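Heads up: the sequence shown is residues 1 to 931, going by our numbering. Accompanying notes for the structure given below.
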Amino acid sequence: MNAVQRFIRSRVLLLTAAILTAAMCLSVLVQTQSQAALTRTVDENSRGLYDILVQAKAGSGGALMQPEIATGQGGISFDQLQSIRDLSGTSVAAPISLVSRVTQNLEAPRLEAMDYLGYNSGLVGTATAGDPSATDPGKWPAAESVLSETPKKYRLTASARSSDGSKERTLFKSTAEGTLGKARLVEEDTPGGKSTRIAGPEGETGIKFPAPAGGSEHNLFNLTVALPMAPEVTESVVAVDPVAERALLGSAGDFLAPLEKAPPADARNAEAVGRHFESLFTGGIGMKELEEGPDFLGVKLKYWAPLMTQYQQAKMNGQLTEDSKAIPLIVRSGTSLDLKYSVKIEEIDDAGNVVKDVGTVDRSLGSDYLPFVSKSPFALAWPGSTDHSKLLGNPESFGRGLYTPATWSTDFASAPKYKDGSTAGNGAVDKTATPGEWVTVNRLPEKSAAGDPVDQTQRNPVDERAYRESLETGEKLAAPLAMVYGTFDPAEVQKAAGDVNRLPLGGYDPTPLTLTKDAKGKDVEDTTLKPSLSATGLASQSAGAITDYYGLAAARGYEKNASVIDAVRVRAGVPGSWKQAQPEVEKLANEIRDMGLEATVVAGSAREDANIFVPGYSKDDAGKESALGTVQQSWVRQDAADAVTGSLTATNLTLLFLTLCGAALLTGASTVSYVRQRRREAGTLRAMGWTQRRIRSWVLEEFAVGAALLAVAGVVLSLLSWNLATVIVSASVLVLYAAAALFAAQQLRHREEVDQEPQHDERLIAVDSPLTFANRQLTTNRFNAISLAVAVGVFGAAVGGLIALLIDIPRAAGASALSGLAATSIALPSLVLGLSGVAVALLLTLVTGRFELQAKRQYLGTLEAMGWNPDMLGQVRLFENALVGAVAVPLGVLGALGVGLLLAPYAALWAAVAGLVAVLCWIPIATKVVQ
Numbered sequence: 001m002n003a004v005q006r007f008i009r010s011r012v013l014l015l016t017a018a019i020l021t022a023a024m025c026l027s028v029l030v031q032t033q034s035q036a037a038l039t040r041t042v043d044e045n046s047r048g049l050y051d052i053l054v055q056a057k058a059g060s061g062g063a064l065m066q067p068e069i070a071t072g073q074g075g076i077s078f079d080q081l082q083s084i085r086d087l088s089g090t091s092v093a094a095p096i097s098l099v100s101r102v103t104q105n106l107e108a109p110r111l112e113a114m115d116y117l118g119y120n121s122g123l124v125g126t127a128t129a130g131d132p133s134a135t136d137p138g139k140w141p142a143a144e145s146v147l148s149e150t151p152k153k154y155r156l157t158a159s160a161r162s163s164d165g166s167k168e169r170t171l172f173k174s175t176a177e178g179t180l181g182k183a184r185l186v187e188e189d190t191p192g193g194k195s196t197r198i199a200g201p202e203g204e205t206g207i208k209f210p211a212p213a214g215g216s217e218h219n220l221f222n223l224t225v226a227l228p229m230a231p232e233v234t235e236s237v238v239a240v241d242p243v244a245e246r247a248l249l250g251s252a253g254d255f256l257a258p259l260e261k262a263p264p265a266d267a268r269n270a271e272a273v274g275r276h277f278e279s280l281f282t283g284g285i286g287m288k289e290l291e292e293g294p295d296f297l298g299v300k301l302k303y304w305a306p307l308m309t310q311y312q313q314a315k316m317n318g319q320l321t322e323d324s325k326a327i328p329l330i331v332r333s334g335t336s337l338d339l340k341y342s343v344k345i346e347e348i349d350d351a352g353n354v355v356k357d358v359g360t361v362d363r364s365l366g367s368d369y370l371p372f373v374s375k376s377p378f379a380l381a382w383p384g385s386t387d388h389s390k391l392l393g394n395p396e397s398f399g400r401g402l403y404t405p406a407t408w409s410t411d412f413a414s415a416p417k418y419k420d421g422s423t424a425g426n427g428a429v430d431k432t433a434t435p436g437e438w439v440t441v442n443r444l445p446e447k448s449a450a451g452d453p454v455d456q457t458q459r460n461p462v463d464e465r466a467y468r469e470s471l472e473t474g475e476k477l478a479a480p481l482a483m484v485y486g487t488f489d490p491a492e493v494q495k496a497a498g499d500v501n502r503l504p505l506g507g508y509d510p511t512p513l514t515l516t517k518d519a520k521g522k523d524v525e526d527t528t529l530k531p532s533l534s535a536t537g538l539a540s541q542s543a544g545a546i547t548d549y550y551g552l553a554a555a556r557g558y559e560k561n562a563s564v565i566d567a568v569r570v571r572a573g574v575p576g577s578w579k580q581a582q583p584e585v586e587k588l589a590n591e592i593r594d595m596g597l598e599a600t601v602v603a604g605s606a607r608e609d610a611n612i613f614v615p616g617y618s619k620d621d622a623g624k625e626s627a628l629g630t631v632q633q634s635w636v637r638q639d640a641a642d643a644v645t646g647s648l649t650a651t652n653l654t655l656l657f658l659t660l661c662g663a664a665l666l667t668g669a670s671t672v673s674y675v676r677q678r679r680r681e682a683g684t685l686r687a688m689g690w691t692q693r694r695i696r697s698w699v700l701e702e703f704a705v706g707a708a709l710l711a712v713a714g715v716v717l718s719l720l721s722w723n724l725a726t727v728i729v730s731a732s733v734l735v736l737y738a739a740a741a742l743f744a745a746q747q748l749r750h751r752e753e754v755d756q757e758p759q760h761d762e763r764l765i766a767v768d769s770p771l772t773f774a775n776r777q778l779t780t781n782r783f784n785a786i787s788l789a790v791a792v793g794v795f796g797a798a799v800g801g802l803i804a805l806l807i808d809i810p811r812a813a814g815a816s817a818l819s820g821l822a823a824t825s826i827a828l829p830s831l832v833l834g835l836s837g838v839a840v841a842l843l844l845t846l847v848t849g850r851f852e853l854q855a856k857r858q859y860l861g862t863l864e865a866m867g868w869n870p871d872m873l874g875q876v877r878l879f880e881n882a883l884v885g886a887v888a889v890p891l892g893v894l895g896a897l898g899v900g901l902l903l904a905p906y907a908a909l910w911a912a913v914a915g916l917v918a919v920l921c922w923i924p925i926a927t928k929v930v931q
């Protein structure tokens with residue numbers, strides 16, 4: 001027979017070549033697909049809205065960058081900004097800065113009880129004249145009221161509470177009593193005729209809360225009770241270049257279009273702008289223009305009424321000066337501040353006993369709240385009331401808007417500061433927030449609107465911990481006048497910023513904090529923290545408003561081009577993935593660094609949760625401070641793409657290496673089996689006169705056929721994948737196979753053997769059960785038993801090592817969001833590659849177990865002839881494998897532990913457990929398969 005025929009006849013060689021070829025093809029293809037999936041996932045999620053973050057000085061987070069890049073510290077001049085824009089590699093350079101904090105008085109809350117008197121021409125008068133939205137007088141419904149004809153005594157308990165997400169606190173609780181009843185129309189004679197007025201019923205006292213709250217009054221539609229003042233709310237304001245910001249955000253930045261039409265700095269005098277809108281109102285304005293908003297330099301100012309009323313109030317209070325400027329703003333829609341106002345209504349008797357619980361009504365700041373704009377956000381309706389005021393038409397075109405000007409301040413406005421702590425195995429870094437001063441909120445004004453002193457004991461001031469510092473200001477501070485140009489939805493901006501590769505925009509894209517551990521380090525249910533009333537804590541919401549840099553200069557009192565830019569987000573003018581753009585991005589960053597600025601390359605970055613310990617968060621009545629615990633916040637991990645790609649590629653290659661190691665051991669075992677089978681043939685050929693060289697050639701010719709098949713498979717795989725790793729794998733398998741061939745040829749040399757079989761051995765074990773027979777067979781055939789035990793131990797070690805690697809993938813990938821996504825993309829290929837390694841190791845044990853298969857079948861046949869039943873024969877096989885497994889257990893466990901410590905120390909214990917389970921599972925598998 002020729003070499004090919006002998007190769008086919010030798011089932012061991014054929015099986016070995018087939019398994020090696022299959023293992024090589026499968027492992028290379030799976031590894032290639034895994035690497036492709038990894039590269040694709042990283043490329044698709046590693047380039048955000050910009051590539052470089054430019055700051056005057058780098059943040060303190062190191063490779064982990066905090067999300068608040070609008071710090072208020074400035075440091076970049078407009079000349080430097082223009083120099084960045086002039087660089088050939090710059091596509092977009094969008095500056096951003098923190099302006100200040102703005103404290104807003106939410107006006108006096110009120111309770112409205114429906115007390116509708118029906119249509120009366122004397123009361124309505126000309127209020128609806130010319131308004132097409134007004135209801136025709138003939139279609140007004142009949143009068144109705146929730147109050148009785150005879151006044152009843154009521155107790156109103158007003159309270160407000162706020163929550164930071166982890167703990168709720170009551171800010172105040174105030175009670176007032178009085179009688180209320182249904183209003184009546186009173187006609188009076190006047191010099192010009194008769195007049196009609198609204199009056200309360202006989203005996204009504206009304207309800208009056210302590211000053212600065214007002215009293216109660218009747219109108220055409222409701223009885224209104226003035227409630228205690230709500231706490232002031234503080235927002236932040238950021239400044240951007242609207243043109244550059246729109247270029248950065250794309251269509252998601254269209255909300256900034258009105259800001260582009262804002263007047264230049266010399267046309268923003270607050271007095272001139274306020275007088276302009278006063279003249280519109282006094283000179284007459286059409287209903288359509290009133291509803292849409294008057295045109296102001298090409299922008300329909302829908303919220304012009306708040307501007308006019310706040311101007312009048314500020315002028316009356318003497319807040320405006322000749323240096324005051326009107327600041328154009330795009331304000332945020334809604335709020336995440338948890339502030340709830342409640343009123344409990346009880347009907348009582350003269351002794352103060354409750355006769356009837358009318359109900360409790362409450363209202364929270366929510367999606368309809370607009371900073372600088374919302375009119376009376378805490379208008380509460382008496383249970384059962386219906387709003388009939390819309391019969392007069394749509395009053396919102398002028399009625400909306402807060403009338404008290406906001407207070408602008410730079411105190412405690414900067415970004416928080418943190419200290420680095422320990423680093424976890426996956427690279428996650430612990431931080432500690434740096435506490436600042438205490439800020440007092442929930443205070444009442446010193447005097448009421450009428451000038452009367454206010455009793456300050458009505459409520460207890462609340463101290464909130466600030467984690468921010470104050471900002472510098474210019475020399476000419478003047479109270480600004482807010483001019484609302486439009487609104488924006490921060491959720492839509494967040495969508496445009498992406499997810500895994502989301503980079504901080506600065507101020508108007510909030511990054512929430514989630515409480516995960518209490519102050520003692522115990523796990524708690526994940527709770528999202530809410531912003532504080534003072535807006536000086538760690539938790540923040542989107543900026544209440546966005547202005548331009550002329551607005552920043554007016555609010556901070558700067559006259560010249562000061563270096564007030566906090567950060568510049570630069571997008572390089574090069575397309576492609578982060579890896580393709582990396583050389584040009586690095587070049588552009590170096591050019592910016594040459595200007596004396598810090599340029600951080602964020603292309604290839606990803607968000608990552610930072611664990612932040614929050615000390616000194618609250619204090620008790622004795623002044624003892626307490627920590628909040630540990631919170632998580634999404635920061636930005638620089639170079640996450642490189643780190644993820646490198647670590648997971650190494651994991652892939654290690655899995656491939658372990659699979660090939662299993663193939664190597666399998667080749668060695670099959671070679672031993674081949675030698676044992678062919679040794680008798682080699683001895684016969686030697687007796688026939690064949691030389692040792694001829695016998696060696698005879699053996700190597702058979703191996704050469706398998707080597708040729710492996711070489712062809714390797715060349716095809718290398719050409720298809722065009723990958724260096726494939727070439728190395730193919731060459732390694734070929735070298736491994738050639739080494740096995742040389743070993744087999746060497747082992748088939750002729751050796752003189754002397755038959756020294758003992759005639760009698762007292763150490764022979766008497767056979768009285770399947771267990772003792774199995775023990776005797778293994779003791780007699782020590783070589784086979786030890787070889788099989790080693791093979792099973794290797795199988796256990798391989799399983800443990802592969803399990804450890806698979807468990808370690810999330811840690812090796814890192815803690816960023818990109819890490820999790822990339823690890824998921826390679827999870828299935830890695831699992832397939834790992835199972836391939838386990839399958840190869842299992843085949844190793846099965847091949848080794850066939851060394852003396854023919855001899856086993858002979859003695860099992862002898863036992864059957866002696867009368868042993870199938871159950872006893874099955875027990876012999878089971879006990880043989882169990883005894884081998886007992887020897888293999890320490891080898892498998894220790895081997896798995898060693899491999900785990902070498903490749904994945906964090907999962908070494910799991911590797912040992914997996915090795916033990918693998919050896920135990922091998923026993924029944926081998927019993928069933930090898931028969």
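We put the CB at the ideal spot given by N, CA and C, even for glycine. Every value quoted in this text rests on a predicted model; they were computed, and no experiment measured them.
Exposed or buried, what is Asn-611 when buried is set at 16 or more other beta-carbons lying within 10 Å of its beta-carbon? buried
Looking only at its chain, what residues have a beta carbon closer than 8 angstroms to the beta carbon of Ala-18, apart from the 5 residues adjacent to it on each side? none
Is it the case that the Cβ atoms of Glu-204 and Arg-197 are separated by a distance below 8 angstroms? no
Between the alpha carbons of Ala-581 and Pro-810, how many angstroms are there, rounded? 27 angstroms
Under a Cβ-count criterion, where at least 16 other Cβ atoms within 10 Å of its own Cβ denotes burial, should Ser-397 be classed as buried or exposed? Caution is warranted here: a pLDDT of 46 is assigned to Ser-397, below 50, making its placement in the model unreliable, and the coordinate value is therefore given only provisionally. When all chains shown are included, Ser-397 counts as buried.
Taking the alpha helix (DSSP H) that Met-316 falls in, what are its first and last residues? 304–317
Would you report the Cα separation of Phe-613 and Thr-432, rounded to the nearest angstrom? 5 angstroms
Taking the alpha carbon of Phe-412 as the reference point, which residue from Pro-405, Trp-438, Tyr-418 has its own alpha carbon closest? Trp-438
Pair within 8 angstroms by beta-carbon distance, Ile-546 and Ile-327: no
For Asn-775 and Ala-888, I'd like the C-alpha separation in whole angstroms. 15 angstroms
Taking only three categories from DSSP, how would you classify Ala-918? helix
According to DSSP, what are the bridge partners of Gln-55? Ala-567, Glu-598
Limits of the unbroken alpha helix (DSSP H) element including Phe-951: Lying before the first or after the last residue shown, residue 951 is absent from the chain, which here runs from 1 to 931.
Could you check how far apart the C-beta atoms of Val-454 and Ser-448 are, in whole angstroms? I think they sit under 8 angstroms. 6 angstroms
Quick one: using the 10 Å Cβ neighbour count with 16 as the cut-off for buried, is Trp-382 buried or exposed? buried
Return the chain-ordered list of same chain residues with a C-beta closer than 7 angstroms to the C-beta of Val-903, the five sequence neighbours on each side being excluded. According to the sequence displayed, residue 903 carries Leu and not Val. If we look at Leu-903 and ignore the five residues flanking it on each side, its Cβ neighbours are Thr-654, Gly-801, Ala-804, Leu-805.
Grouping DSSP H, G and I as helix and E and B as strand, with all else coil, what is Asp-940? The question about residue 940 has no answer, for the chain in this structure spans 1 to 931.
In whole angstroms, what is the alpha-carbon distance linking Lys-495 and Tyr-550? 28 angstroms
Pairwise C-alpha distance: Val-124 and Leu-337: 39 angstroms
Would a C-beta distance cut-off of 8 angstroms place Leu-818 and Val-644 closer than the cut-off? yes
Measure the Cβ-Cβ separation of Ala-262 and Tyr-485 and say whether it is below 8 angstroms. yes
Give the single residue among Gly-576, Arg-465, Leu-709 whose Cα lies nearest to the Cα of Leu-628. Arg-465
Bridge partner(s) assigned by DSSP for Tyr-116: Glu-144
Span separating the alpha-carbon of Trp-868 from that of Pro-924: 21 angstroms
Coil, strand or helix - Ala-687 by DSSP: helix
Reference Lys-579; option with closest CA among Met-24, Gly-48, Gln-5, Thr-16: Gly-48
Counting C-beta neighbours from all protein chains within 10 Å, is the total for Lys-619 16 or more, i.e. buried, or is it exposed? exposed
Taking only the alpha-carbon atoms, compute the straight-line gap between Gln-456 and Leu-391 and give it to the nearest angstrom. 41 angstroms
Is the segment 534–544 touching the segment 508–519 in the sense that three or more CB pairs, one from each, lie closer than 8 angstroms? yes
For Val-631, which of Ala-70, Pro-905, Thr-516 has the nearest alpha-carbon? Thr-516
What first and last residue would you give for the beta strand (DSSP E) that runs through Ile-592? Premise fails: Ile-592 lies in the alpha helix (DSSP H), 578–593, not in any beta strand (DSSP E).
What's the call for Met-24, buried or exposed, on a 16-neighbour Cβ count within 10 Å? buried
When we look at the beta-carbon of Leu-444 and count the other beta-carbons within 10 Å, is it buried (16 or more) or exposed? buried
Limits of the unbroken beta strand (DSSP E) element including Ala-247: From DSSP, Ala-247 is part of no beta strand (DSSP E) but of the alpha helix (DSSP H) over 242–249.
Please report the Cβ distance between Ala-63 and Arg-637, rounded to the nearest whole angstrom; I am assuming they are in contact, meaning their Cβ atoms lie under 8 angstroms. 7 angstroms
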